[in-house]
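Undergrad: Submitted below is the structure of interest, expressed as structure tokens.
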Amino acid sequence: MFTKKVHDKMIYTRRMSRLAELITPLLDDSHSVLDVGCGDGRIDYLIKKNVNISIRGIDVLVRPDTFIEVQEYDGKMIPYDDDSFDAVTVIDVLHHTDEPEKLIAELVRVANKHIIIKDHIKHGFLSYIKLRAMDYVGNAHYHVRLPYNYWTERQWRDCFAKNGLKIDIKITHLNLYTGLFHLLFDRKLHFIVKLSK
Numbered sequence: 003m004f005t006k007k008v009h010d011k012m013i014y015t016r017r018m019s020r021l022a023e024l025i026t027p028l029l030d031d032s033h034s035v036l037d038v039g040c041g042d043g044r045i046d047y048l049i050k051k052n053v054n055i056s057i058r059g060i061d062v063l064v065r066p067d068t069f070i071e072v073q074e075y076d077g078k079m080i081p082y083d084d085d086s087f088d089a090v091t092v093i094d095v096l097h098h099t100d101e102p103e104k105l106i107a108e109l110v111r112v113a114n115k116h117i118i119i120k121d122h123i124k125h126g127f128l129s130y131i132k133l134r135a136m137d138y139v140g141n142a143h144y145h146v147r148l149p150y151n152y153w154t155e156r157q158w159r160d161c162f163a164k165n166g167l168k169i170d171i172k173i174t175h176l177n178l179y180t181g182l183f184h185l186l187f188d189r190k191l192h193f194i195v196k197l198s199k
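Here is the structure:
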């Protein structure tokens with residue numbers, strides 16, 4: 003498919019490397035990590051190349067080829083006990099769910115220390131259109147659900163407060179793309195947070 007070829011060549015590799023680079027230092031006090039909605043696990047693979055850490059992956063759609071072992075789950079109940087992992091990561095997953103609040107509650111349940119979220123912020127109609135375009139190009143060829151469920155900054159803050167989560171670190175300048183893609187799709191649309199319970 004044309005969109006997959008363009009995405010892989012111009013976006014995917016840099017984005018994976020950059021996210022691994024940004025998330026690795028946020029795991030400095032974690033030994034066990036669960037990546038919820040890990041996709042092919044490439045980000046986890048890149049993180050593990052630089053730090054001695056145990057990372058498990060779960061996803062609703064297990065791809066034929068993955069960089070780490072991935073366990074299938076139903077997208078609702080995470081199949082682990084309370085406080086099973088030092089940290090839980092969820093990278094560009096919550097906007098693919100119909101009920102992100104419930105998944106965040108599950109992240110809180112299985113994380114012992116931290117939750118690291120990478121997702122998007124909706125600032126208005128134009129940002130919504132850009133986010134939809136990014137989502138489609140990056141995910142449609144994998145048959146990922148696309149409900150386009152983006153939150154405003156206030157919705158994120160309210161959900162964190164409701165779940166007793168404190169923001170330790172927030173990153174808003176991710177520089178995931180280069181050239182025209184950077185100008186169109188980087189600014190104000192992405193964030194990473196490290197949250198403490």
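Residue numbers (this note's numbering): 3 to 199.
Note that CB positions come from ideal geometry on N, CA and C, so glycine has one too.
1. Could you name the residues of the same chain whose beta carbon sits closer than 6 Å to that of Asp85, not counting the 5 residues immediately before and after it, in chain order?
2. On the DSSP letters alone, give me the boundaries of the beta strand (DSSP E) that His172 sits inside.
3. How far does the alpha helix (DSSP H) with Asp160 in it extend, from its first residue to its last?
4. In whole angstroms, what is the alpha-carbon distance linking His125 and Trp153?
5. Counting C-beta neighbours from all protein chains within 10 Å, is the total for Met18 16 or more, i.e. buried, or is it exposed?
6. Following the continuous beta strand (DSSP E) through Asp121, name the residue where it begins and the one where it ends.
7. Should Ala22 be labelled buried (16 or more other beta-carbon atoms within 10 Å of its own) or exposed?
8. Determine the extent of the alpha helix (DSSP H) in which Glu199 is found, giving its start and end residues.
9. What do you reckon, are the CB atoms on Tyr75 and Val112 nearer than 8 Å?
10. Once you ignore the five residues that flank Arg58 on each side, which residues in its own chain have a CB closer than 6 Å to its CB?
11. By alpha-carbon positions, which one of Gly166, Pro102, Ile123, Asp160 ends up nearest to Gly77?
12. Using a Cβ-Cβ cut-off of 8 Å (strictly less than) and excluding sequence neighbours within five positions of Glu97, which residues of its own chain qualify?
13. Please report the residue range of the alpha helix (DSSP H) in which Ile45 lies.
14. Take Pro66 as the anchor and find which of Ala89, Asp42, Gly140, Lys196 has the nearest alpha-carbon.
15. DSSP puts His192 in a beta bridge; with which residues?
TA: So, from the listed chains and residues:
1. If we look at Asp85 and ignore the five residues flanking it on each side, its Cβ neighbours are Asn114.
2. In the sequence on display, residue 172 carries Lys and not His. Run containing Lys172: 168 to 173, per the beta strand (DSSP E) assignment.
3. Run containing Asp160: 155 to 164, per the alpha helix (DSSP H) assignment.
4. So the two alpha carbons sit approximately 9 Å from each other.
5. With 16 or more Cβ atoms within 10 Å of its Cβ, Met18 is classed as buried.
6. Secondary structure note for Asp121: its beta strand (DSSP E) is the uninterrupted segment 113 to 122.
7. Looking at its Cβ environment, which holds 16 or more other Cβ atoms inside 10 Å, Ala22 is buried.
8. Inspection of the sequence shows that residue 199 is occupied by Lys rather than by Glu. No alpha helix (DSSP H) contains Lys199, which DSSP labels as neither H nor E.
9. It is not a contact, given that the beta carbons lie outside the stated cut-off.
10. If we look at Arg58 and ignore the five residues flanking it on each side, its Cβ neighbours are Leu36.
11. Checking every option, the nearest Cα to that of Gly77 belongs to Pro102.
12. The amino acid occupying residue 97 in the given sequence is His; Glu does not appear at that position. Within the same chain, His97 has close Cβ partners Asp121, His122, Leu133, Asp137, Pro149, Tyr150, Asn151, Tyr152, Trp153.
13. Its alpha helix (DSSP H) spans residues 44 to 52.
14. Of the candidates Ala89, Asp42, Gly140, Lys196, the one whose C-alpha sits nearest the C-alpha of Pro66 is Asp42.
15. His122, per the DSSP bridge assignment.
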